[in-house]
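Colleague:
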Amino acid sequence: MRGFVPPDPQTDVSTIQYAIVYAPQRKANRHRIPQSCVAITQNKEEAIEQSNPQAKRYAAQVLGPSKSSEGQYIYYVMEWLE
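Oh and the sequence shown: position 22 is 72 in the numbering used here, straight run, nothing missing.
1. Distance check for His-81 and Ala-97, CA to CA, integer angstroms please.
2. Determine the burial state of Gln-67: buried for a count of at least 16 other Cβ atoms within 10 Å of its Cβ, exposed for fewer.
3. With a cut-off of 8 Å on the beta carbons, I'd call Ser-101 and Glu-120 a contact; round off their distance for me.
4. Provide the residue span of the beta strand (DSSP E) that contains Ala-69, from first to last.
5. Does the Cβ-Cβ distance between Ser-118 and Ser-64 come in under 8 Å?
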């Protein structure tokens, strides 16, 4: 994916995790999500179980957290799970 710093293999600062992402206007090309809109889950099944499309909360595989050039912590959506 273009536009993000790949994870450092010697640290676990940014890791690939499963999460519930609040996305009022979910778009296929929106990959950067603010940390305040991400709730990390224990596993893929838990993320899918807790998703609620009516409330705009979707299961996703995310990479992060990462600090943006604006100073905000963000996650990158690697894959929407639904």
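Beta carbons are placed, not taken as given, at the ideal position from N, Cα and C, and that holds for glycine.
Modeller: Result, derived from the coordinates:
1. So the alpha carbons of these two residues sit roughly 18 Å apart.
2. Per the 10 Å Cβ criterion, buried.
3. Contact between Ser-101 and Glu-120 does not hold, since their C-beta atoms are separated by about 28 Å, which reaches or exceeds 8 Å.
4. Segment 65-72, the beta strand (DSSP E) holding Ala-69.
5. Against a cut-off of 8 Å, the Cβ pair of Ser-64 and Ser-118 comes out as no contact.
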